[in-house]
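To start, the structure itself, in structure tokens.
The structure is reproduced here in structure tokens:
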């Protein structure tokens, strides 16, 4: 079993060269896309020790130490492209900050644009950046999970990530026995969905 | 209303022009502020509205109480650990689980690190720009900046060349045209009072604070197994300790503990040599700006935090004491009992929720979260595009928590006032010394800057407490006690069928409580009352206004189009409205609308 998320001996963000970051909030329906995608990628693939697969939640500026330490950064997120729900897009390089700033819900959005901007000011913007974004269908369903249009894109998003990482020269190997999770097991998608209280519909 | 006096003694007048600021930038979450100005641009009425729904019941009911911490960690963008801690405490309280001594020490270290980290990030990255003009820093003389730095602190990064390098970097960044982090400020406003050299010094430390942040997260990684979102467990902490050479892989070993010790030293240095001197330097230019006191001179509340002894959350154990002060009477500190149904209650008469009887408040164990959205009769605009709220009706997604019916301010300043009034020697000495150095009376604390200063002083107190806690933990480990968790009652078959518990303590922003009701091993009801709900609270049935609302009153605005003064005061509370909305334009700029009617 791989020990993703268990700390290296020095507990140091500098121990990683590549950061694969899922951001969003699993509690707000399609906002959970980034976390679910990064979880699936981690379950299915193995990476070298200097690659960190991270559930970044909505930590915003608190993710900065990890972003600054990275030389390559791949982000999964729900992004409002003003396109059909479930549309999947790959954005690379200088365009990423612009798309991270597109109108949408949740606080990590503005936060993450600031993170990239601050990383640049401190001279530590990763040399390679890519964003795999999906157009959300529904966000304001508190306690809800991914809608079908977005759920169907998790697998293609993971494939897209494998292609990007391979193009970056990173060893990506399929694995069938990776039980490590990127987040606490209580938030595992099956457990999360099955345990949802029945309140008869979505929240206001 | 045109002019009224509230029961808590504030005069409100809504006859003047209305200014709407939505959203307030550089905070976590979504907050809307509306104020009325008189003919001299002085704020005479203030309205604070949390504009997004949150209700934990809809995600937690029926779930395993041992998992609740993982969910509550996700309700907020930044205070993950403090929610997780109160959640495991609430469940431990309900089930009668006692945690081992080491778990208590480790939790204290995790919390102290989180508080300091949060305070530093808040000051440099969210709040400093309300006082520091980054653009003015470009015209500073690096040599004079170096002299200023050396006159206030022994911090070694102080050479003219160093400041010149930073200035060049900053110039390049600003000239690139993408202000990014520095957008949404009002550069050049006469409300900024620092000379260019002080602006350059503070901006330089903005960058150094980023490096500090990179270090302090390691404490969470070492004890919580991961960062972000460290692991927690009902019964203690989920790490094992092994200080023998041939320790188990993955256990916290001596090398890691030494790293923690080094990090504590670095934290003490940064806070005492950079953060606190910066605060004093900045404050010395704003001594005349003594607005924003609001409720702080009247009603303040703290649940207390950092128990010295495991499983003892009384003032005999709490290093930061609990208590409540009413009507500014520092000679009487009331005891707080979070289980008493008469003390902490939430009202919804001005909140977008429904109670069977909205004249009464509900204790969180009996809390109801039943949403009912709608605007008051005098609101302007539509349900989906509000131009102006009607504070006579329902106007916020935040409930109105009250202590014995009183609106209370919470946060570092409240903690410090309570500790001071309780005669806690270390804090009293630190406060008196700082005020004497700055030639200020105690009353100066009741202000926006007092709130900001208390946060910095508390960071220093907390950094030195980390050292004490660490030393005690090491002494305990060396005595042979390596237990970190008590799993005796982890199995649900050992639980009683119907129990209630409460986890309470202090988040960086103030008093935080989680109340849980467990029935047949599942969560029956779960309510959190978070610090920002206290501070950003709407009005209650008696007409008492909340802490944000009170703090904005009587503040003159230099320019009604540039709500710098509103940002300053609201930011001084370190707002965090969990699960919220930001509105961003397609160009990537945050659309803060400022409307004047």
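Protein chains in written order, with our numbering: chain A, 97 to 300; chain B, 2 to 598.
Quick reminder that beta carbons are idealized off the backbone N, C-alpha and C, glycines included.
- Task: May I ask you to report which of helix, strand or coil DSSP gives residue 398 of chain B?
- Result: Your numbering for residue 398 of chain B matches position 397 in the second chain. Coil.
- Partner residues on chain B for residue 122 of chain A, Cβ-Cβ distance less than 7 Å: Taking the first chain and counting its residues from 1, the one referred to as residue 122 of chain A is at position 26. By Cβ distance, chain B contributes 75.
- Task: Would you mind sorting residue 534 of chain B into buried or exposed? The rule is 16 or more other CB atoms within 10 Å of its CB.
- Result: Taking the second chain and counting its residues from 1, the one referred to as residue 534 of chain B is at position 533. The residue in question, residue 534 of chain B, is buried, as its Cβ has 16 or more Cβ neighbours within 10 Å.
- Query: Per DSSP, which one or two residues make a beta bridge with residue 19 of chain B?
  - Reply: Counted from its first residue, the second chain places residue 19 of chain B at position 18. Residue 19 of chain B pairs with B/37.
- Using a Cβ cut-off of 7 Å, which residues of the segment 230 to 257 of chain A contact any Cβ in chain B, in chain order? Answer in chain order: 238, 239.
- Message: Quick check on this structure: which residue in B/120, B/576, B/189, B/171 has the alpha carbon closest to the alpha carbon of residue 214 of chain B?
- Response: Residue mapping note: residue 214 of chain B aligns to position 213 of the second chain, counting from 1. Cα-wise, what sits closest to residue 214 of chain B is B/120.
- Task: Could you check which residue in B/321, B/448, B/317 has the C-alpha nearest to that of residue 292 of chain B?
- Result: Sequence index remark: in the second chain, residue 292 of chain B carries index 291 (1-based). Ranking B/321, B/448, B/317 by Cα distance to residue 292 of chain B puts B/448 first.
- Message: Give me the residue from B/287, B/60, B/383 with the minimum Cα distance to residue 239 of chain A.
- Response: To locate residue 239 of chain A, count along the first chain from 1; it is residue 143. Nearest C-alpha to residue 239 of chain A: B/60.
- Bridge partner(s) assigned by DSSP for residue 499 of chain B: To locate residue 499 of chain B, count along the second chain from 1; it is residue 498. Note: residue 499 of chain B sits in a beta bridge opposite B/520.
- Query: Quick one, which of B/10, B/3, B/277 has its alpha-carbon nearest residue 328 of chain B's?
  - Reply: In the second chain, residue 328 of chain B corresponds to position 327, counting from 1. Considering only alpha carbons, the answer is B/10.
- Residues within the segment 125 to 136 of chain B neighbouring chain A, beta-carbon criterion of under 9 Å: 126, 127
- Query: With distances taken between CB atoms, is the gap from residue 362 of chain B to residue 344 of chain B smaller than 8 Å?
  - Reply: Sequence index remark: in the second chain, residue 362 of chain B carries index 361 (1-based). Sequence index remark: in the second chain, residue 344 of chain B carries index 343 (1-based). Contact flag unset, no.
- Which whole-angstrom value describes the C-beta separation of residue 84 of chain B and residue 74 of chain B, a residue pair presumed to lie in contact below a C-beta threshold of 8 Å? Within the second chain, numbered from 1, the residue matching residue 84 of chain B stands at position 83. Within the second chain, numbered from 1, the residue matching residue 74 of chain B stands at position 73. Residue 84 of chain B to residue 74 of chain B, Cβ: 6 Å. Contact.
- Task: At 7 Å on the CB atoms, spell out the chain A contacts of residue 337 of chain B, in chain order.
- Result: As a position in the second chain, residue 337 of chain B is number 336, starting the count at 1. Simply none; closest approach about 30 Å.
- Item | Partners in chain B for residue 272 of chain A, counting only beta-carbon separations shorter than 7 Å | Within the first chain, residue 272 of chain A is the residue found at index 176, counting from 1. Chain B residues near residue 272 of chain A: none, gap ~23 Å exceeds 7 Å.
- Message: Give me the chain B residues within the contact set of residue 282 of chain A, using Cβ-Cβ distance strictly less than 9 Å, ordered along the chain.
- Response: One-based indexing of the first chain puts residue 282 of chain A at position 186. Near residue 282 of chain A (Cβ distances below 9 Å), the residues of chain B are 64, 65, 67, 68, 69, 70, 71, 72.
- What are the boundary residues of the beta strand (DSSP E) that residue 390 of chain B is part of? Position 389 of the second chain, counted from the first residue, corresponds to residue 390 of chain B. No beta strand (DSSP E) holds residue 390 of chain B; DSSP gives it neither H nor E.
- Along the segment 215 to 231 of chain A, what residues have a CB closer than 8 Å to any CB found in chain B? 216, 217, 218, 219
- residue 168 of chain B at chain A interface by Cβ criterion, 8 Å: If you number the second chain from 1, residue 168 of chain B lands on position 167. Among the residues facing chain A, residue 168 of chain B is not included, as its CB has no counterpart in that chain under 8 Å away.
- Item | chain B residues whose Cβ lies nearer than 7 Å to that of residue 291 of chain A | As a working note, residue 291 of chain A is residue 195 in the first chain. Chain B residues near residue 291 of chain A: 63, 64.
- Min CB distance residue 215 of chain B to chain A below 8 Å: Reading the second chain from its first residue, position 214 is the one you call residue 215 of chain B. Judged by the 8 Å Cβ criterion, residue 215 of chain B is in contact with chain A.
- Message: DSSP three-state label for residue 527 of chain B, please.
- Response: Start at 1 with the first residue of the second chain, and residue 527 of chain B comes out as number 526. DSSP places residue 527 of chain B in strand when its eight states are reduced to three.
- Query: At what residues does the alpha helix (DSSP H) containing residue 536 of chain B begin and finish?
  - Reply: By 1-based counting over the second chain, the position of residue 536 of chain B is 535. It spans 532 to 536 - the alpha helix (DSSP H) in which residue 536 of chain B sits, taken as one unbroken run.
- Item | chain A contact residues for residue 164 of chain B, given Cβ-Cβ distances below 9 Å | Mapped onto the second chain, residue 164 of chain B falls at position 163. Here the premise fails: no neighbours, minimum Cβ distance about 16 Å.
- Query: Quick one: which chain B residues come within Cβ less than 7 Å of residue 157 of chain A?
  - Reply: Taking the first residue of the first chain as 1, we reach residue 157 of chain A at position 61. What residue 157 of chain A touches in chain B: 122, 126.
- So, residue 8 of chain B versus residue 504 of chain B, is the Cβ gap smaller than 8 Å? Along the second chain, one-based indexing puts residue 8 of chain B at 7. Along the second chain, one-based indexing puts residue 504 of chain B at 503. Contact flag unset, no.
- Query: When the Cα of residue 466 of chain B is compared with those of B/198, B/63, B/43, B/306, which residue comes out closest?
  - Reply: Locating residue 466 of chain B in the second chain gives position 465, counting from the first residue. Out of B/198, B/63, B/43, B/306, B/306 has the C-alpha closest to the C-alpha of residue 466 of chain B.
- Query: What is the residue span of the beta strand (DSSP E) that residue 229 of chain A lies within?
  - Reply: Translated into positions along the first chain, residue 229 of chain A becomes position 133. Residue 229 of chain A: member of the beta strand (DSSP E) spanning 224 to 230, first to last residue.
- Message: Under 8 Å: do the segment 213 to 227 of chain B and the segment 156 to 163 of chain A share three or more Cβ pairs, one atom per stretch?
- Response: yes
- Item | Status (buried if at least 16 other CB within 10 Å, exposed otherwise) for residue 115 of chain A | Sequence index remark: in the first chain, residue 115 of chain A carries index 19 (1-based). With at least 16 other beta carbons inside 10 angstroms of its own, residue 115 of chain A counts as buried.
- Message: Going by DSSP, what residue range makes up the alpha helix (DSSP H) through residue 185 of chain A?
- Response: Taking the first chain and counting its residues from 1, the one referred to as residue 185 of chain A is at position 89. Note, residue 185 of chain A: premise wrong, no alpha helix (DSSP H); beta strand (DSSP E) at 184 to 188.
- Message: Which residues of the segment 318 to 337 of chain B have a Cβ closer than 8 Å to any Cβ of chain A? Give them in chain order.
- Response: none
- Query: Hey, how far is the Cα of residue 118 of chain B from the Cα of residue 87 of chain B?
  - Reply: Here the question's residue 118 of chain B lines up with position 117 in the second chain. Here the question's residue 87 of chain B lines up with position 86 in the second chain. Roughly 19 Å separates the two Cα atoms.
- Item | Bridge partner(s) assigned by DSSP for residue 148 of chain A | Looking up residue 148 of chain A in the first chain gives position 52. A/115, per the DSSP bridge assignment.
- Message: Within a Cβ cutoff of 7 Å, which residues of the same chain sit near residue 550 of chain B, ignoring the five residues on either side of it in sequence?
- Response: Start at 1 with the first residue of the second chain, and residue 550 of chain B comes out as number 549. Excluding sequence neighbours, residue 550 of chain B sits near 47, 48, 49.
- Task: Check the Cβ of residue 60 of chain B against every Cβ in chain A and list those closer than 8 Å, keeping chain order.
- Result: As a first step, residue 60 of chain B is located in the second chain; it is residue number 59 there, counting from the start. Going along chain A in sequence order, the residues near residue 60 of chain B (Cβ under 8 Å) are 123, 238, 239, 292, 293.
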